[in-house]
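*Asks:* Here it is, the structure in full.
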């Protein structure tokens, strides 16, 4: 499996390919992902980049966390 995360595609698509990321993203501050309704609505149209802005999370913190956990990043 290639561990490349595209920050521009919807979060729901990323989690479909990499379900193991869900707890990592929730810990980072993407708290709405813990709610199945939000996961099935907002996450289908919001990218990690856009979601980080909405949640007030530094995109640099997101990138650093992904890199430290063995993922490559596509922007």
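Numbering (the UniProt record's numbering), first residue to last: 1 to 75. C-beta atoms are modelled at their ideal positions from N, C-alpha and C, and glycine is treated no differently. All of these numbers come straight from a predicted model, not from anything done at the bench.
With a cut-off of 8 Å on the beta carbons, I'd call residue 25 and residue 33 a contact; round off their distance for me.
*Replies:* With 8 Å as the limit, residue 25 and residue 33 qualify as a contact, their Cβ atoms being about 6 Å apart.
*Asks:* Measuring only the C-alpha atoms, how far is residue 75 from residue 49?
*Replies:* Their backbone Cα atoms lie some 9 Å apart in a straight line.
*Asks:* Mind reading off the beta-carbon distance from residue 59 to residue 67? Whole number of angstroms is fine, and I expect it under 8 Å.
*Replies:* 12 Å between Cβ atoms; not a contact.
*Asks:* Tell me the DSSP bridge mates of residue 72?
*Replies:* DSSP lists 4 as partners of residue 72.
*Asks:* Report back the beta-carbon spacing between residue 39 and residue 12 to the nearest angstrom; my notes put them in contact at under 8 Å.
*Replies:* Residue 39 to residue 12, Cβ: 7 Å. Contact.
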